[in-house]
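Working notes for the structure below.
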Amino acid sequence: MSLLYTDFIYVIFIILAGIVVISASKTSCYVVYLKEKSKLATTFFSVILLSLITALPELVTSITSVGIDEPLLFFNNIIGANVFTIVSLIVLDVIFVSKYMFNNISKTNIKMIIILLVFNILAFVNINLPTLVFLETKHIMLTSYAIIICGFNLSWLFLFFIIFYGFFIYRMFESKNEIEEDVSTNLTKKAIIIRLIITSLVLVVTTVALTKVVNLMAAPSNEGGRGLGQTFAGALLLAICTGLPEISSAFYLIKKNQTNIAVGGLLGSNLLNIFILAISDVMYYCESTLELVSMSESYLSFYYLFKIAIFIYLLILLKIISKDYINKKIYLLPNIIIIVLYFYMWFSNKLIT
2 MSLLYTDFIY
12 VIFIILAGIV
22 VISASKTSCY
32 VVYLKEKSKL
42 ATTFFSVILL
52 SLITALPELV
62 TSITSVGIDE
72 PLLFFNNIIG
82 ANVFTIVSLI
92 VLDVIFVSKY
102 MFNNISKTNI
112 KMIIILLVFN
122 ILAFVNINLP
132 TLVFLETKHI
142 MLTSYAIIIC
152 GFNLSWLFLF
162 FIIFYGFFIY
172 RMFESKNEIE
182 EDVSTNLTKK
192 AIIIRLIITS
202 LVLVVTTVAL
212 TKVVNLMAAP
222 SNEGGRGLGQ
232 TFAGALLLAI
242 CTGLPEISSA
252 FYLIKKNQTN
262 IAVGGLLGSN
272 LLNIFILAIS
282 DVMYYCESTL
292 ELVSMSESYL
302 SFYYLFKIAI
312 FIYLLILLKI
322 ISKDYINKKI
332 YLLPNIIIIV
342 LYFYMWFSNK
352 LIT
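Quick note on numbering: the sequence shown equals residues 2 to 354 in our numbering.
Next up, the structure:
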C-alpha cells in the first residue's frame with residue numbers, strides 16, 4: 002500500500018484526472034441529448050441537473066469535513082473552487098472568443114451572476130464584522146453572525162441564502178426555454194438516462210478518489226505525502242482538481258455550441274456549492290462557520306478570495322452590459338485583467354492557506 006501511494010501516486014493522479022475529464026465530457030453529452038429528448042427548459046438541465054452532478058463530490062466532501070470537525074477546510078475548498086471555476090469560465094471565453102459567450106448570455110444566467118455577486122459582497126462584509134450581541138435570553142441569542150437557539154447556531158447569511166435559493170429554483174421553472182443549437186442522436190430516452198447515470202457515478206467516484214490522492218500529495222513529507230500543499234503548484238493543483246468536472250463539462254458544451262448550458266452549469270454549480278455550504282453550516286451547529294472564518298488564521302485567504310470573486314463578477318456584468326463590442330481585443334480586456342489578477346494572487350501566496 003505504501004508503494005501504491007508514494008512511488009506511483011503521480012501515475013494514479015494522471016489516470017484519475019483523465020477518467021474525470023472523459024466522464025465529465027460524456028456526462029455533458031448525455032445531458033444535452035436528454036434535453037433534446039425532453040420538454041424541460043434549458044435552465045433545468047444547466048442549473049439543476051448538470052450542476053448537481055458536478056457538485057456531488059463537494060457534497061460528499063462536505064459531509065466528511067463536518068464529520069471530522071473540519072468546517073473551515075471544506076469552506077476554503079468550496080470558496081476557492083468557486084473562484085477558480087469562474088476564472089476558468091473567463092479563460093474559456095478567451096479560448097472560444099469567436100463565440101462571444103457573454104454577448105448572448107441568457108437572463109437566467111445573468112440572474113445567477115447577480116446572486117453570486119451579492120452573496121460574495123455580503124460574505125465579505127460579514128467576515129469583517131465584529132461579534133455583536135443584539136439580543137440574549139436564556140434560550141435565544143441574536144448576534145451579528147448568527148441566530149442561536151438552545152445552543153444551535155445558524156448563520157444569518159446562509160439562512161437567507163437557503164430561502165432565496167429555493168425561491169430562485171422555483172421561479173426558474175417558470176422561465177422560458179433558451180434557444181440552443183440542436184444536437185441529434187439515435188439513442189432512445191431510456192438509453193440516454195441509463196448512460197447518464199453510469200457516467201455520473203463514474204464521475205463522482207473518480208472525483209472523490211482524485212481529491213483524496215491530491216490531498217495525500219499535498220500532505221507534509223513526514224506524514225507520508227509529497228509536501229505540495231505549501232507550494233504554489235500544489236495549491237493550484239488542488240483547486241484545479243476540485244473544479245475539474247465542471248470545467249471539463251463546460252469545455253465540451255461550448256465546443257458543441259451549447260454555451261448557455263455551459264455557463265449555466267458553471268454558475269449553477271457555484272450556487273449549489275454555496276447551498277451545500279449553508280447546509281454544512283446547519284449540520285455544524287456548534288458555531289457559526291462565518292464567525293470561525295473571521296477568527297481563523299486563514300482569515301486573509303478568505304478575505305482575498307471574496308474580494309477577487311466580487312471583482313470578477315463585477316467585470317463579467319460590465320461585459321454583459323456593454324455588449325456592442327467590435328474589436329476582440331476590447332472584448333477580451335476584462336478577461337486578461339481577471340486572469341492576471343488571479344494568478345498574481347496565487348504567486349503572492351494570498352490564496353494559499
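C-beta atoms are modelled at their ideal positions from N, C-alpha and C, and glycine is treated no differently.
Item: Spatial distance of MET113 from LEU268 (CA atoms); Value: 6 Å
Item: Top-ranked residue by Cα proximity to PHE159, from PHE303, SER281, ILE141; Value: SER281
Item: Residue range of the unbroken alpha helix (DSSP H) whose run includes MET284; Value: 260-284
Item: Proximity below 9 Å, CB of ILE128 to CB of LEU291; Value: yes
Item: Cutoff 6 Å; reference LEU254; Cβ partners in own chain excluding five residues on either side; Value: SER29, ILE262, ALA263
Item: Identified DSSP bridge partners for GLU137; Value: MET142
Item: Which of helix, strand or coil DSSP assigns to TYR343; Value: helix
Item: Cβ pair count under 8 Å reaching 3, the stretch 332-346 against the stretch 115-127; Value: no
Item: Under the three-state DSSP convention, the category ASN154 falls into; Value: strand
Item: Backbone CA spacing between ILE194 and VAL32 [nearest angstrom]; Value: 9 Å
Item: Rounded distance between the beta-carbons of ILE339 and VAL88, thought under 8 Å; Value: 6 Å
Item: Continuous alpha helix (DSSP H) stretch holding THR132: start and end; Value: From DSSP, THR132 is part of no alpha helix (DSSP H); its letter is neither H nor E.
Item: Beta-ladder partner(s) of ALA82, from DSSP; Value: Partner(s): none; ALA82 has no beta bridge.
Item: Element boundaries [alpha helix (DSSP H), containing SER24]; Value: 10-38
Item: Residue range of the alpha helix (DSSP H) that includes VAL294; Value: 290-296
Item: Cα-Cα separation, PHE135 to SER145; Value: 7 Å
Item: Where ILE193 falls: helix, strand or coil (DSSP); Value: helix
Item: Residue burial classification, SER270 (beta-carbon count within 10 angstroms, cutoff 16); Value: buried
Item: Nearest residue (CA-CA) to PHE165, options THR109, THR212, LYS213, PHE276; Value: PHE276
Item: 4-residue-minimum alpha helix (DSSP H) runs that sit fully inside the stretch 82-120, ordered along the chain; Value: none
Item: Among ASN104, ILE23, VAL98, the one whose alpha carbon lies nearest that of ILE322; Value: ASN104
Item: Integer-rounded CB distance, given that ASN77 should sit under 8 Å from ASN302; Value: Going by the sequence as given, residue 302 is Ser instead of Asn. Going by Cβ atoms, the distance from SER302 to ASN77 rounds to 7 Å, so yes, they are a contact pair.
Item: LEU334 in three-state terms, based on DSSP; Value: helix
Item: Which residues DSSP lists as bridging ILE149, in chain order; Value: MET142, ASN154
Item: Any 3 or more C-beta pairs closer than 8 Å across the stretch 292-300 and the stretch 90-110; Value: no
Item: Exposure of PRO246, with buried meaning 16 or more beta-carbon neighbours within 10 Å; Value: buried
Item: C-alpha gap between SER250 and TRP157, whole angstroms; Value: 33 Å
Item: Three-state secondary structure assigned by DSSP to ASN187; Value: coil
Item: GLY167, buried or exposed, once every other Cβ within 10 Å from all chains shown has been counted against 16; Value: exposed
Item: Coarse secondary structure for LYS257, derived from DSSP in three states; Value: coil
Item: Nonlocal neighbours in the same chain, by C-beta distance under 7 Å from ASN336, ignoring five residues either side; Value: ILE91, ASP94, VAL95
Item: Chain-order list of residues whose beta-carbon lies under 6 Å from that of ALA25 (same chain, five-residue window excluded); Value: LEU204, PRO246, SER249, SER250
Item: Assigned secondary structure, SER250 (DSSP; H/G/I helix, E/B strand, else coil); Value: helix
Item: SER299, DSSP secondary structure in three states; Value: coil
Item: Whether GLY244 touches ASN110 by CB criterion (9 Å); Value: no
Item: Nearest residue (CA-CA) to TYR305, options TRP347, ILE13, CYS242; Value: TRP347
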